[in-house]
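Step one of this worksheet: look at the structure below.
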Amino acid sequence: RETIEEFGAGLAKIINGRGVWIIASSDFTHYEPHQVATEKDKAALMDVDADLLFLPAVSVMYADGLSQTTQVVVPGLNTVLEGEFRPTHFNGVTTVVAKLFNMVQPDIAVFGEKDFQQLLIIRRMVSDLAMPIAIEGVATMREADGLAMSSRNSYLSAGERAIAPQLHRTLLDVRDIVLRGERDLAAVEQAAMVQLGEAGFEPQYLSIRRCTDLSLPEGEQDEWVVLAAAMLGATRLIDNVRVSVT
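In the working numbering, each residue carries its 1-based index in the sequence shown increased by 1.
What follows is the structure, given as structure tokens:
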């Protein structure tokens, strides 16, 4: 996930002029592998004029433990791509986000596009459950060399950090090949997976999907997205690139 400091500028851009209160939320204890410095985040939020910071303890969000908590499940979208490699992940995401929405009652909720599948799942949940909330996406924040910003990047060794931007470059290569008219998408995906492997990654998936529902592309009147996940050493990286084929 992106840290609050990295995400703040995009958050402020979307919220500015539309919301009376800006409320930032994170549960650092529940997501211990991706902890960030709370004081640093508080300072970053002050820079974008946040009004409240919601930092619930695990005992608040899951009083009887996650296994005994009512689950919110978005079928279909939660089983492909990320769902194949992290089978229960999105059930936890939708459950905790639904609880957050019930507690905070926001008018607008902002999520980064780096986790594109998560963004679609939350939009589907909000639509299916008739939640009166506008879900906005923020473009992925990137380092100068194209690597998507993420708290996970801090786990990369110097050598791995030098390799990491190749994930984004490979996605751009796939986009360019598709825009030049190539429609054997399976062959393009396979070649890109090989390219990632040769660069030093252990790719889990690289797939071209429709932006609306992550189904396989059909026809030319679509917005597509190239999504990938790969291990680099002990660190799992994800990224995506949009492709406009209309």
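Positions of the beta carbon are idealized from the N, C-alpha and C atoms, including for glycine.
No experiment lies behind these values; they were computed from the predicted model shown.
Could you please give the first and the last residue of the uninterrupted alpha helix (DSSP H) stretch that includes residue i?
i    : result
N92  : 90-105
R176 : 167-180
G147 : No alpha helix (DSSP H) contains G147, which DSSP labels as neither H nor E.
E40  : 39-48
E85  : 83-86
I164 : 159-164
I122 : 117-129
Figure out for me which residue from the options has the closest Cα to the Cα of residue i.
i    : options                : result
A99  : D65, I134, V81         : I134
L148 : V139, A159, I164       : I164
M104 : F55, G182, D185        : F55
A140 : V175, F117, D146       : F117
A192 : C212, L180, T171, R211 : T171
L53  : G77, S60, K43          : K43
Q106 : K115, F86, M132        : M132
Looking only at its own chain, which residues have a Cβ that is under 6 Å from the Cβ of residue i, when we skip the five neighbours before and after it?
i    : result
T236 : R153, Y156, L157
G74  : It is worth fixing the name first, because residue 74 is Val in this sequence and not Gly. Cβ within range, chain order: N92.
G234 : E161
L207 : E190, A193, M194, A229
Could you check the C-alpha separation between residue i and residue j for me, to the nearest Å?
i    : j    : result
M150 : A231 : 15 Å
D214 : E137 : 16 Å
L217 : I239 : 19 Å
F202 : R125 : 32 Å
V179 : C212 : 15 Å
S60  : G66  : 8 Å
At which residues does the beta strand (DSSP E) containing residue i begin and terminate?
i    : result
F202 : Segment: none, F202 is in no beta strand (DSSP E) and carries neither H nor E.
Who are the Cβ neighbours of residue i in its own chain at under 7 Å, not counting the five residues just before and after it?
i    : result
T70  : Y63, T96
E183 : V189
L173 : V242
R176 : V227, V242, V244
E33  : Per-residue confidence for E33 stands at a pLDDT of 46, beneath the threshold of 50, marking its modelled position as unreliable; the derived number appears in the next sentence. If we look at E33 and ignore the five residues flanking it on each side, it has no Cβ neighbours.
Please work out which residues of its chain come closer than 8 Å, Cβ to Cβ, to residue i, disregarding the five sequence neighbours upstream and downstream, and give them in chain order.
i    : result
F112 : Q119, L120, I123, I136, E137, G138, V139
D143 : Note that residue 143 corresponds to Arg in the displayed sequence, not to Asp. Here the set comprises A149, M150, H169.
L82  : Q118, Y206, S208, R210, L215, L228, A230
Between the segment 194-204 and the segment 217-225, do three or more beta carbon pairs fall short of 8 Å? no
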